[in-house]
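This report concerns only the one structure given below.
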Amino acid sequence: MGLKRPRSLAQSDNELLKEVQKHVRLNLQLWGTTKEAGERLASLYSVETQHLEELITRTLTLGESNSALMLAARGTGKSSLVNTVLKRLEESGTLTEGMVVRLSGLLQTDDRQALKEITCQLKLENATADKVFGSFAENLAFLLESLRCGSKETSKPVIFILDEFDLFCHHHNQTLLYNLFDVAQSAQAPICVLGLTCRLDVIELLEKRVKSRFSHRQIHLFPPDKFDPYYLDTFKQLLELSASFPFKEFSRKWNLNVARLVEDNNVIKVLKRLHNTTKDIRALKTLLLLCVCQLSDEQPQLNGQMFVHAQSLFVSEAKINMLQGLSVLQLCLCLELVRPVDNTRGIQREYQLVQLMMTPAQVTEALRHLSGIPTDVQQWAGSSFA
Numbered sequence: 001m002g003l004k005r006p007r008s009l010a011q012s013d014n015e016l017l018k019e020v021q022k023h024v025r026l027n028l029q030l031w032g033t034t035k036e037a038g039e040r041l042a043s044l045y046s047v048e049t050q051h052l053e054e055l056i057t058r059t060l061t062l063g064e065s066n067s068a069l070m071l072a073a074r075g076t077g078k079s080s081l082v083n084t085v086l087k088r089l090e091e092s093g094t095l096t097e098g099m100v101v102r103l104s105g106l107l108q109t110d111d112r113q114a115l116k117e118i119t120c121q122l123k124l125e126n127a128t129a130d131k132v133f134g135s136f137a138e139n140l141a142f143l144l145e146s147l148r149c150g151s152k153e154t155s156k157p158v159i160f161i162l163d164e165f166d167l168f169c170h171h172h173n174q175t176l177l178y179n180l181f182d183v184a185q186s187a188q189a190p191i192c193v194l195g196l197t198c199r200l201d202v203i204e205l206l207e208k209r210v211k212s213r214f215s216h217r218q219i220h221l222f223p224p225d226k227f228d229p230y231y232l233d234t235f236k237q238l239l240e241l242s243a244s245f246p247f248k249e250f251s252r253k254w255n256l257n258v259a260r261l262v263e264d265n266n267v268i269k270v271l272k273r274l275h276n277t278t279k280d281i282r283a284l285k286t287l288l289l290l291c292v293c294q295l296s297d298e299q300p301q302l303n304g305q306m307f308v309h310a311q312s313l314f315v316s317e318a319k320i321n322m323l324q325g326l327s328v329l330q331l332c333l334c335l336e337l338v339r340p341v342d343n344t345r346g347i348q349r350e351y352q353l354v355q356l357m358m359t360p361a362q363v364t365e366a367l368r369h370l371s372g373i374p375t376d377v378q379q380w381a382g383s384s385f386a
């Protein structure tokens, strides 16, 4: 008969484990949005950061209108870098002279919604409540005119941040982009239009009249390709417990263990495979979350086997996972995984041709993990007639 752990000790370990998972998950969730992560990005892209900061500063202090596009792969840190620059300008008092309008191509799916959001963020709902405008340009001009308090030099500058910029290119006639770039080019009001996108060919999506009013200023962010030290440093920073963690002794041991993980062959092998597949930090965060979920009272520290298991979960395919719960009969019919062939109209349902929506390799992989499959079914699945 084994010895039972004291209830108070087990309860203390359980609370410690919950606190560890809470802090690490919060760190994974907030990575890229914290001030420390933003400053790290700013130092990594120092030249681009300085260019962007000067661009916005000239609009805020000199009333100079500008437009630019920031192009980088997803997960590189475009939004985080812009937020870091705006935070710096806010701390220095420069941003207090202007206003920031944030739009997203995922949320504002047409120009009417975009104009409504601009009105809301500029806090001009009351000014436009009893107005009737003949066109989009007239409405936008009124909004910018409402921010004036004298000459162009004393007008309130507006910084427009257009996230998912390429989606705005699909709006009807690109009216929003045309009018924003037109205002910036003609210096009707001090505005800075900054588009964020992951599409390198976004310029080709612009209509000719829009393209002619764009400054063609582009800021590219190229993530570092080096696995060591950049990727490994990011790995450690995502897992390390901060100074605010209440259990100081455990925090010290945890951080020492994290430092040792980068010397574990299993961990390095998993991280290098992921790094060679994608440089997106969000993929790394997903992998680490799968590792953290394996922590238990018996194993409160991360180890190499957890990363190997997390990798198997990370690369598993959804269709293969769906097959795990099917019976032999359902597997033979492949229920919910077949669809009728398109050119079978007019044919009775029981005679319609169907198409398997899985590759033979996926079927073979799923069968490999299923137990109790009859031999004839396995042979049928592997035959050239299946």
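Just so we're aligned: 29 in full-length UniProt numbering is position 29 of the sequence shown, and the numbers increase by one with no gaps anywhere.
Backbone N, C-alpha and C fix where the C-beta goes; we use that ideal spot for every residue, glycine too.
Problem set entry | Segment contact, 8 angstroms Cβ cut-off, at least three pairs: the region 103 to 121 with the region 172 to 190 | Using a C-beta cut-off of 8 angstroms, the region 103 to 121 makes contact with the region 172 to 190, since at least three inter-stretch Cβ pairs fall below that distance.
For this session: In angstroms with no decimal places, state the Cα-to-Cα distance between Arg260 and Ala42.
Result: Taking the straight line joining both Cα atoms gives about 28 angstroms.
For this session: Name the residue from Glu138, Phe250, Thr375 and Val193 whose alpha carbon lies nearest to the alpha carbon of Val101.
Result: Looking from the CA of Val101, the closest CA among Glu138, Phe250, Thr375 and Val193 belongs to Val193.
For this session: Less than 8 angstroms between the CB atoms is what I'm expecting for His23 and Leu241, so what's the real figure, rounded?
Result: The pair is a contact, with the Cβ atoms about 6 angstroms apart (cut-off 8 angstroms).
Exercise. Going straight from the alpha carbon of Asn139 to that of Lys131, what length do you get?
Worked result: Pairing Asn139 with Lys131, the inter-Cα distance amounts to about 9 angstroms.
Exercise. How about Ile191 and Val158: are their beta carbons less than 9 angstroms apart?
Worked result: Contact: yes.
For this session: Could you tell me the boundaries of the beta strand (DSSP E) in which Cys293 lies?
Result: Neither: Cys293 is in no beta strand (DSSP E) and is coded neither H nor E.
Exercise. Between Leu16 and the rest of its own chain, which residues show a CB-CB distance below 8 angstroms, the 5 nearest in sequence each way excluded?
Worked result: Phe247, Phe250 and Pro300, listed in sequence order.
Problem set entry | Selected residue, minimal CA-CA separation from Leu274, among Lys236, Val262, Val315 and Val258 | Selected option, being the one with the closest Cα: Val315.
For this session: Could you round the C-beta distance between Gln185 and Arg213 to whole angstroms and report it? I think they count as a contact, below 8 angstroms.
Result: Gln185 to Arg213, Cβ: 5 angstroms. Contact.
Exercise. Can you name, in chain order, every residue of its own chain whose Cβ lies under 6 angstroms from the Cβ of Met70, other than the five neighbours on each side?
Worked result: So the qualifying residues of the chain are Lys78, Leu196 and Ile219.
For this session: Following the continuous beta strand (DSSP E) through Thr59, name the residue where it begins and the one where it ends.
Result: Element bounds for Thr59: not the beta strand (DSSP E) but the alpha helix (DSSP H), Ser46 to Leu62.
For this session: Figure out for me which residue from Ser296, Leu122 and Trp31 has the closest Cα to the Cα of Gly75.
Result: Distance from the Cα of Gly75 is smallest, within the candidate group Ser296, Leu122 and Trp31, for Trp31.
Exercise. For the UniProt domain "Orc1-like AAA ATPase" (49 to 193), which segments carrying the beta strand (DSSP E) assignment without a break, of at least 3 residues, lie completely within its bounds, in sequence order?
Worked result: The UniProt domain "Orc1-like AAA ATPase" (49 to 193) contains these whole beta strand (DSSP E) runs: 66 to 71, 99 to 104 and 158 to 163.
Exercise. What residue ranges within the region 246 to 317 form continuous alpha helix (DSSP H) runs of no fewer than 4 residues, ordered along the chain?
Worked result: As far as the region 246 to 317 is concerned, its whole alpha helix (DSSP H) runs of at least 4 residues are 248 to 261, 265 to 277, 281 to 292 and 304 to 315.
Exercise. Between Glu39 and Asn257, what straight-line distance do the alpha-carbon atoms span, to the nearest angstrom?
Worked result: The alpha-carbon atoms of Glu39 and Asn257 are separated by roughly 26 angstroms.
Problem set entry | Where Leu196 falls: helix, strand or coil (DSSP) | For Leu196, the secondary structure class from DSSP, reduced to helix, strand or coil, is strand.
For this session: Express the C-alpha separation of Leu206 and His172 in angstroms, rounding to a whole number.
Result: If I take the Cα positions, the gap works out to 12 angstroms.
Exercise. Could you give the C-beta distance for Leu95 and Leu81, rounded to a whole number, given that I count them as a contact under 8 angstroms?
Worked result: With a Cβ gap of about 16 angstroms, Leu95 and Leu81 do not count as contacting.
Exercise. Alpha carbon to alpha carbon, how far is Ile268 from Glu53?
Worked result: Their backbone Cα atoms lie some 37 angstroms apart in a straight line.
Exercise. When you compare each of Ala129, Leu289, Ala381 and Gly98 to Leu367 by their alpha carbons, which one comes out closest?
Worked result: Considering only alpha carbons, the answer is Ala381.
Problem set entry | alpha helix (DSSP H) segment containing Gln237, residue limits | Residues Leu232 to Leu239.
For this session: Note down the Cα distance separating Leu162 from Leu289, rounded to an integer number of angstroms.
Result: One C-alpha to the other measures close to 31 angstroms.
Exercise. Do Leu180 and Ser67 have their C-beta atoms closer together than 9 angstroms?
Worked result: Yes, these two residues count as a Cβ contact at 9 angstroms.
Exercise. In three-state DSSP terms, what is His220?
Worked result: Here DSSP, grouped into helix, strand and coil, assigns His220 to strand.
Exercise. What is the residue span of the alpha helix (DSSP H) that Val210 lies within?
Worked result: Segment Lys208 to Lys211, the alpha helix (DSSP H) holding Val210.
Problem set entry | Euclidean distance between Cα positions of Phe168 and Arg349 | Cα atoms of Phe168 and Arg349: separation of roughly 44 angstroms, rounded to the nearest angstrom.
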